[in-house]
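Just below is one structure, and these are the notes that go with it.
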Amino acid sequence: MHNFEFVKPSTIAEAVKALAREDAQALAGGHTLMPTMKQRLAAPAVLVSLTGIPEMRGVCRNGDALEIGAATTHAEVAREAAAVYPALASLAGGIGDPAVRNRGTVGGSLANNDPAACYPAAALGSGATIVTNTREIAADDFFQGLFSTALDAGEIIISVRFPIPERGGYAKFEQPASRFALTGAFVAKFGSGVRVAITGAGEDGVFRWSEAEKALSATYAAGALASLTVSPDGLMGDLHGTPAYRANLVKVMTARAVRAS
Amino acid sequence: MTKVTMTVNGTAVSGEVEGRTLLVQFLREGLGLTGTHVGCDTSQCGACVVHVDGKAVKSCTAFALDLEGASVRTIEGMANADGTLGTLQQAFQDHHGLQCGFCTPGMVMTSAALLAENPKPTEAEVRDYLEGNICRCTGYHNIVKAVLAASGQDVSAVAAE
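Going line by line, the protein sequences match chains A and B.
The first sequence runs 1 to 261 under the numbering used here.
The second sequence runs 1001 to 1161 under the numbering used here.
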């Protein structure tokens, strides 16, 4: 790994200032960035740790939503969201392994937008709002393809606001080596309708399965998905599964998510 | 180089490190605590697990400077004060929970974190919690048995022989 200057600000204003420096990069839990730096695929000159900023940590209920600080770890979300939003807590508690969950953060996962990560499905499936140091971004506008988001250079996610659904569920078919989702489905039922977000399957990352949303909004039961078919066009294929295999998993995992909700 | 200060196994320590110095490098090369092993170096295998402020963390995937002021516990801190093996370590020995021993420091530290959270885990809970610790001798049955024994449970019927 190339060397860099390490800085750990304690306020958002200091972090924004540090990230404005040339070749500066934000660091959260580091479980994607650090392996990438070890391979020298990333070599920032300045690394800005975002885990020492108190207002970016913690889980709190805010009316009909759960607001989670961007630097809150998966383990903290799994524990503190359990009573209010069990589907989200269960998703967080199923990421990686216990040691990974003690370091990885919700903001880091969303900013990275790995096409097989769990959190993008929760954010898109819940219709979450991503709160940054400059604005609020709807999840529908946030994810913009593989490892790509609406964040501008130097923009920091401060918190994520998840509307709490009447019912919600997450099911993932785990890639056994990486524990990422080979395909995962997040389902959330609100008074206004049902949202379904799929991760691990799309060539462009997380996406909404609108046919399933329509069917589940009419009848909220796994059986409502029976007559739907998923096209393999635009789905990922690799040694773990072909696009057709993933297309089938989309349907199977969505049905499991409904049953789990 | 920047000075980093932390508490390791109850002792205040400090050292000069680079930005890129990993926690595991600081422990092994800076402090000479070579009980913590580097296996995969990519946060997959768990050989490098230590406790940071009481929580299991993969020390190959944390920068030393990010843990300024933290309290760290390593495998060297698991023995009793008189130098005899701690309960969990002794259980690994009694139940043959190691073969080559390379994964053992991480297995013990992760298991200790589990027992701190959940003092009487089921066999399934032990296996689930050790998901991020890989034993390439594949000695999992006896590791699970050792953890259950260390929690004070009867292991005679555990993990089919």
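All C-beta atoms in this analysis are idealised placements derived from N, C-alpha and C, irrespective of residue type, glycine included.
For clarity, every value in this text was computed on a predicted model and none was experimentally measured.
Rounded to whole angstroms, what's the CA-CA distance from residue i to residue j? Just pull it up for me.
{"i": "D1053/B", "j": "Q144/A", "result": "37 Å"}
{"i": "T1122/B", "j": "A92/A", "result": "21 Å"}
{"i": "A139/A", "j": "N113/A", "result": "12 Å"}
{"i": "D64/A", "j": "A87/A", "result": "15 Å"}
{"i": "H2/A", "j": "T1021/B", "result": "10 Å"}
{"i": "N248/A", "j": "T254/A", "result": "10 Å"}
{"i": "V1072/B", "j": "V100/A", "result": "16 Å"}
{"i": "H74/A", "j": "L1031/B", "result": "30 Å"}
{"i": "V77/A", "j": "A89/A", "result": "6 Å"}
{"i": "G96/A", "j": "H1051/B", "result": "17 Å"}
{"i": "G1010/B", "j": "M34/A", "result": "28 Å"}
{"i": "R79/A", "j": "L1098/B", "result": "32 Å"}
{"i": "D1066/B", "j": "V206/A", "result": "31 Å"}
{"i": "P232/A", "j": "K251/A", "result": "12 Å"}
{"i": "T1034/B", "j": "E1068/B", "result": "20 Å"}
{"i": "T1074/B", "j": "G234/A", "result": "47 Å"}
{"i": "Q1089/B", "j": "V84/A", "result": "39 Å"}
{"i": "E1117/B", "j": "F186/A", "result": "28 Å"}
{"i": "A26/A", "j": "S1043/B", "result": "19 Å"}
{"i": "V16/A", "j": "G154/A", "result": "7 Å"}
{"i": "V1013/B", "j": "M1107/B", "result": "25 Å"}
{"i": "M1001/B", "j": "S10/A", "result": "21 Å"}
{"i": "L41/A", "j": "R246/A", "result": "29 Å"}
{"i": "D1082/B", "j": "S1151/B", "result": "22 Å"}
{"i": "V46/A", "j": "F1063/B", "result": "13 Å"}
{"i": "V7/A", "j": "R256/A", "result": "44 Å"}
{"i": "D990/B", "j": "V230/A", "result": "What the structure shows of chain B is the stretch from 1001 to 1161, and residue 990/B is not part of that stretch, so it cannot be assessed."}
{"i": "E1029/B", "j": "V131/A", "result": "41 Å"}
{"i": "F4/A", "j": "V48/A", "result": "10 Å"}
{"i": "F142/A", "j": "R135/A", "result": "12 Å"}
{"i": "G1046/B", "j": "T51/A", "result": "22 Å"}
Over what stretch of residues does the alpha helix (DSSP H) that includes residue i continue unbroken?
{"i": "F1089/B", "result": "Per the sequence presented here, residue 1089/B reads as Gln, with Phe not at that position. 1087-1094 is the extent of the alpha helix (DSSP H) around Q1089/B."}
{"i": "I1143/B", "result": "1140-1150"}
{"i": "Y119/A", "result": "119-126"}
{"i": "E1123/B", "result": "1123-1129"}
{"i": "A1081/B", "result": "Segment: none, A1081/B is in no alpha helix (DSSP H) and carries neither H nor E."}
{"i": "G107/A", "result": "106-112"}
{"i": "K8/A", "result": "No alpha helix (DSSP H) contains K8/A, which DSSP labels as neither H nor E."}
Give me the Cβ distance between residue i and residue j, rounded to the nearest whole Å; I'm assuming they're in contact under 8 Å.
{"i": "F1102/B", "j": "G1039/B", "result": "7 Å"}
{"i": "T36/A", "j": "T72/A", "result": "22 Å between Cβ atoms; not a contact."}
{"i": "I137/A", "j": "A117/A", "result": "About 17 Å separates the two Cβ atoms, so there is no contact after all."}
{"i": "V194/A", "j": "E211/A", "result": "With a Cβ gap of about 11 Å, V194/A and E211/A do not count as contacting."}
{"i": "L110/A", "j": "D204/A", "result": "Not a contact, Cβ separation roughly 16 Å."}
{"i": "I12/A", "j": "I158/A", "result": "6 Å"}
{"i": "R167/A", "j": "S261/A", "result": "4 Å"}
{"i": "Y1129/B", "j": "P98/A", "result": "6 Å"}
{"i": "I164/A", "j": "L225/A", "result": "That pair is no contact at about 24 Å."}
{"i": "A221/A", "j": "V258/A", "result": "7 Å"}
{"i": "K1055/B", "j": "A1146/B", "result": "That pair is no contact at about 22 Å."}
Classify residue i: buried if its beta carbon has 16 or more other beta carbons within 10 angstroms, exposed otherwise.
{"i": "A43/A", "result": "exposed"}
{"i": "K189/A", "result": "buried"}
{"i": "K1120/B", "result": "exposed"}
{"i": "T1036/B", "result": "buried"}
{"i": "H1096/B", "result": "exposed"}
{"i": "G237/A", "result": "exposed"}
{"i": "P120/A", "result": "buried"}
{"i": "T1084/B", "result": "exposed"}
{"i": "G29/A", "result": "buried"}
{"i": "S192/A", "result": "exposed"}
{"i": "R208/A", "result": "buried"}
{"i": "S148/A", "result": "exposed"}
{"i": "G223/A", "result": "exposed"}
{"i": "A171/A", "result": "buried"}
{"i": "A218/A", "result": "exposed"}
{"i": "A128/A", "result": "buried"}
{"i": "S1111/B", "result": "buried"}
{"i": "L1148/B", "result": "buried"}
Output the boundary residues of the beta strand (DSSP E) element that contains residue i.
{"i": "E1016/B", "result": "1011-1017"}
{"i": "P163/A", "result": "157-163"}
{"i": "Y85/A", "result": "Unbroken run through Y85/A: none, as it is neither H nor E."}
{"i": "M1006/B", "result": "1002-1008"}
{"i": "L182/A", "result": "181-190"}
{"i": "F1102/B", "result": "Per DSSP, F1102/B belongs to no beta strand (DSSP E) and is neither H nor E."}
{"i": "V1057/B", "result": "1055-1058"}
{"i": "L27/A", "result": "24-27"}
{"i": "H1051/B", "result": "1049-1052"}
Under 7 Å from any heavy atom of the ligand HEM, does the C-beta of residue i make it?
{"i": "V1158/B", "result": "This structure lacks the ligand HEM, and indeed carries no ligand of any kind."}
Practice item. Specify whether the segment 1002-1018 of chain B and the segment 176-195 of chain A touch according to this definition: at least 3 beta carbon pairs, one from each stretch, less than 8 Å apart. Key: no
Check your understanding: Counting Cβ pairs, one atom from each stretch, are 3 or more of them under 8 Å apart for the segment 1054-1069 of chain B and the segment 1011-1028 of chain B?
Key -> yes
Practice item. Could you tell me whether the segment 197-214 of chain A touches the segment 114-133 of chain A, where touching means 3 or more Cβ pairs closer than 8 Å? Key: yes
Review point. When you check each C-beta in the segment 1107-1122 of chain B against every C-beta of chain C, which residues fall closer than 8 Å?
Key: Going by chain labels, chain C is absent from the structure shown, which instead holds the protein chains A and B.
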